[in-house]
Amino acid sequence: MTEDLPEQLEQIREDFLGLEVRERLQLLLEFSNELPELPERYREHPDLFERVEECQSPVFIFTEVDDARVVHLFAIAPREAPTTRGFASILVQGLAGLTVDEVLAVPDDYPQTIGLTEAVSPLRIRGMTALLGRAKRQVREKIAA
Amino acid sequence: MAVEVDTAPQFAEFAHPERLVSGDWLEAHLDDPGLVVVESDEDVLLYETGHIEGAVKIDWHTDLNDPVERDYIDGAGFAKLLGSKGISRDSTVVIYGDKNNWWAAYALWVFTLFGHDDVRLLDGGRAKWEADGRAYTTVVPTPAPVDYPVIERDDSKIRAYKDQVIDHLGNPLIDVRSPEEFSGERTTAPAYPEEGALRAGHIPTAVNIPWARAAAEDGTFRPLAELNALYRDEAGLKNGDDIIAYCRIGERSSHTWFVLNYLVGFEGVRNYDGSWTEWGSAVRVPIVKGTEPGTLPTKK
């Protein structure tokens, strides 16, 4: 199942699974702190972003497909919601530079396979599954348009 | 060797002022022997971003719930958890957290199931502590493990099971969810994940008092007069009533349980932790839709 995973998603998975459960939270916090700021061109366009309703805290995402069919995922989440920020940041980094086909091929259950279910609980991990699902749906809509 | 209570004047009017502490009190007592501060949040990473000095973290998902069955941990599990956090049976425990102490109240309620005697809330939780400009640290304490006795949970006094709620019908029920969940427009709190209730609505005769109405803007509990207006005048609760509160999974109603029990001073308040995720999926239980409490069903 995992042999087809894009390299950086596989790397993230290995990094988490190589840690004790408690340390996985620390790594998630590092991801949380690394969520990039929005590029200049999107800062004034909150309307473009879609709220991920399944997350307990307000998180908004927007995907862009460039001329080379490479996907760019952008996310906004508040500092008071570090877990949600961490989930978004994992996907932003994990999907970076991937093509449309590679993004659509990412298994929907990827969030359940990176060892966070134990650390943050299955209920909370659903938020990340929803983030991935919505990002893929946006990509599908963009290439259909 | 309980730590002295906070005699701050704003708590004096409550039925059990010893259940609350203020930020001033906590700052002054942080180093008291016998005191353990516990953070309990909705966001499982918030503690790691910064917490009150010396505070340990207890998470309801990963620490207080049984990992297999939908139930709380047992006496042995609780003893192991608390002992590992440096909490003895006679420790004074002060719990605080995010979102008006929503999850902190839930942890306090679970502590109470095990009869932990001296457990209090920091009024206002994280939000007030931050608004007051008080300090956080990211240093995680490593408490020396202590022996906490194995005490079996007593579910008979403050917890209600579904069958007990059915027998209770005709007595006061407080539904503390949002108006949209109460009326049956939706089964989850606005902006919260679907947690799998198959039907929407509320338990017949329940009165809807959303939990957060007991909290002021700054996250602290409202004064007694306002709480009386809410629960006695609006919800019609009277002294001597047998009261059950519920929400979606029992967390928001733990907050209301705390208010009714310790602040307003009703005795005999129970929290139905199965709440809507159980009732809304159970077979052949009565449900009412709409904004009115509805009438008592004839028994099936």
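Residue numbers (my numbering), protein chains in the order written: chain E, 1 to 145; chain P, 146 to 445. Glycine is no exception: its CB is placed at the ideal position from the N, C-alpha and C atoms. Quantities reported herein were computed from a predicted structural model and do not represent experimental measurements.
Short CB-CB distance (under 7 Å) between residue i and chain P
i        : result
E:Val120 : yes
E:Leu5   : no
E:Thr129 : no
Span separating the alpha-carbon of residue i from that of residue j
i        : j        : result
P:Asp387 : P:Glu187 : 30 Å
E:Pro6   : E:Ile90  : 13 Å
P:Glu163 : P:Ala200 : 20 Å
E:Phe49  : E:Phe62  : 5 Å
P:Arg367 : P:His313 : 29 Å
P:His161 : P:Asp235 : 19 Å
P:Gly278 : P:Ser398 : 29 Å
Residues near residue i in its chain [Cβ-Cβ closer than 7 Å; skip 5 each side]
i        : result
P:Ala357 : Asn245
E:Glu14  : none
P:Trp424 : Lys307, Ile348 and Val430
E:Val100 : Val65, Arg69, Val71, Val139 and Ile143
Identity of the residue in the options nearest residue i by Cα
i        : options                                   : result
P:His196 : P:Glu172, P:Pro290 and P:Asp177           : P:Glu172
E:Val71  : E:Thr83, E:Gly94, E:Leu116 and E:Arg79    : E:Gly94
E:Glu80  : E:Arg24, E:Asp101, E:Phe62 and E:Ser57    : E:Ser57
P:Pro286 : P:Arg429, P:Gly270 and P:Lys202           : P:Lys202
E:Glu34  : E:His45, E:Val92, E:Glu44 and E:Val65     : E:Val92
P:Glu326 : P:Glu158, P:Ala147, P:Thr436 and P:Phe159 : P:Thr436
E:Leu131 : E:Arg41, E:Ala88, E:Val139 and E:Phe16    : E:Ala88
E:Ser44  : E:Arg24, E:Ile76 and E:Phe16              : Reading off the sequence shown, one finds Glu at residue 44 of chain E, where the question assumed Ser. When each option's Cα is compared against that of E:Glu44, the closest is E:Ile76.
P:Ala359 : P:Thr401, P:Arg215 and P:Val352           : P:Thr401
E:Arg126 : E:Ala144, E:Asp47, E:Gly97 and E:Thr83    : E:Thr83
P:Val428 : P:Ile311, P:Asn384, P:Gly395 and P:Pro438 : P:Ile311
Same chain only: Cβ atoms within 8 Å of residue i, ignoring 5 sequence neighbours per side
i        : result
E:Gly133 : Asp108
P:Val189 : Asp204, His206 and Thr207
P:Ile354 : Ile319, Asp320, Val321, Leu375, Tyr376, Glu379, Ala380 and Thr401
E:Val103 : Val71, Leu95, Ala135, Lys136 and Val139
Cutoff 6 Å; reference residue i; Cβ partners in own chain excluding five residues on either side
i        : result
E:Arg51  : Phe60
P:Thr282 : Glu198
P:Ser426 : Ala342 and Leu343
Cutoff 7 Å: residue i Cβ touching any chain B Cβ
i        : result
P:Leu369 : In the structure shown, chain B does not exist; the protein chains are E and P.
Inter-residue CB distance, residue i and residue j (contact presumed, cutoff 8 Å)
i        : j        : result
P:Ile348 : P:Leu318 : 6 Å
P:Val264 : P:Ile303 : Not confirmed; about 13 Å, so no contact.
E:Leu29  : P:Thr443 : Rounded, the Cβ-Cβ distance is 55 Å, inconsistent with contact.
P:Asp243 : P:Gly270 : 6 Å
P:Glu305 : P:Phe403 : As written in the sequence, residue 305 of chain P is Ala, which differs from the Glu given in the question. Their Cβ separation, rounded to whole angstroms, is 16 Å, which puts P:Ala305 and P:Phe403 out of contact at 8 Å.
P:Val291 : P:Gly222 : Going by Cβ atoms, the distance from P:Val291 to P:Gly222 rounds to 16 Å, so no, they are not a contact pair.
P:Leu209 : P:Val255 : 5 Å
CB contact check: residue i to chain E, cutoff 7 Å
i        : result
P:Thr194 : yes
P:Thr443 : no
P:His400 : no
P:Thr207 : yes
P:Asp188 : yes
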